[in-house]
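S.K.:
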Amino acid sequence: MDSRIWESVDHLVAWLDAEGTQSPREERLLRILKLSEEVGEVGAAVIGATGQNPRKGVTHTWEDVQHELCDVVFAALVALRTLTPDAARVFADRLAYVEQRSTASRATPDAS
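Right under this line is the structure:
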């Protein structure tokens, strides 16, 4: 992942820390809960993009959905960075694990 992203995440966490009004424990929990809010906004955007609410019709675009998905990613990275100063390594290690696992599941067995 681009180191610039982690620099931005560090700046966001520092800003949130400076503006926080709760105890560090509560701030940590609230940042994790923020993910639920953002995922809900993705759902609302998908419903709006597909016009699934007949009362409202089409209220969003697929570009709106893309933006909301980015907000989920931002919230997750901020929450991860809040949990550990080594968030970049944790993320990289987990990505490597998921890549390895997915590669192993795609491997074809030998035709013996």
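Here the sequence shown stands for residues 1025 to 1136, where the numbers follow the working numbering. Note that CB positions come from ideal geometry on N, CA and C, so glycine has one too.
(1) Evaluate the contact criterion for the segment 1025-1043 versus the segment 1103-1112: three or more CB pairs, one atom per stretch, below 8 Å.
(2) Note the first and the last residue of the continuous alpha helix (DSSP H) segment covering residue 1074.
(3) Under the three-state reduction of DSSP, which class applies to residue 1041: helix, strand or coil?
(4) Applying the criterion that 16 or more other CB atoms from any shown protein chain within 10 Å of the CB defines a buried residue, is residue 1089 buried or exposed?
(5) Relative to the C-alpha of residue 1073, which residue among 1066, 1082, 1067, 1065 is closest?
(6) So what's residue 1079 in DSSP terms, helix, strand or just coil?
(7) DSSP state of residue 1117, grouped into three classes?
(8) Counting C-beta neighbours from all protein chains within 10 Å, is the total for residue 1057 16 or more, i.e. buried, or is it exposed?
(9) When we look at the beta-carbon of residue 1092 and count the other beta-carbons within 10 Å, is it buried (16 or more) or exposed?
(10) First and last residue of the alpha helix (DSSP H) that includes residue 1088?
(11) Are the CB atoms of residue 1063 and residue 1096 within a distance shorter than 8 Å?
M.R.: Per the coordinate set shown:
(1) Because the criterion of three Cβ pairs below 8 Å is met, the segment 1025-1043 and the segment 1103-1112 touch.
(2) Walking along the sequence shown from the start, residue 1074 turns up at place 50. For residue 1074, the enclosing alpha helix (DSSP H) covers residues 1048-1074.
(3) Taking the first residue of the sequence shown as position 1, residue 1041 is located at position 17. The answer is helix: DSSP assigns residue 1041 an H, G or I state.
(4) Stepping through the sequence shown from its first residue, residue 1089 is reached at position 65. Buried: at least 16 other Cβ atoms inside 10 Å.
(5) Taking the sequence shown and counting its residues from 1, one reaches residue 1073 at position 49. Ranked by Cα distance from residue 1073, the first of 1066, 1082, 1067, 1065 is 1082.
(6) Translated into positions along the sequence shown, residue 1079 becomes position 55. The DSSP-derived three-state label of residue 1079 is coil.
(7) In the sequence shown, counting from the first residue as 1, residue 1117 sits at position 93. Residue 1117: helix per DSSP, three-state reduction.
(8) For this step, residue 1057 is matched to residue 33 along the sequence shown. Exposed, since its Cβ has fewer than 16 Cβ neighbours within 10 Å.
(9) To locate residue 1092, count along the sequence shown from 1; it is residue 68. Buried: at least 16 other Cβ atoms inside 10 Å.
(10) Taking the first residue of the sequence shown as 1, we reach residue 1088 at position 64. It spans 1086-1107 - the alpha helix (DSSP H) in which residue 1088 sits, taken as one unbroken run.
(11) Taking the sequence shown and counting its residues from 1, one reaches residue 1096 at position 72. Taking the sequence shown and counting its residues from 1, one reaches residue 1063 at position 39. Between residue 1096 and residue 1063, the C-beta spacing is below 8 Å.
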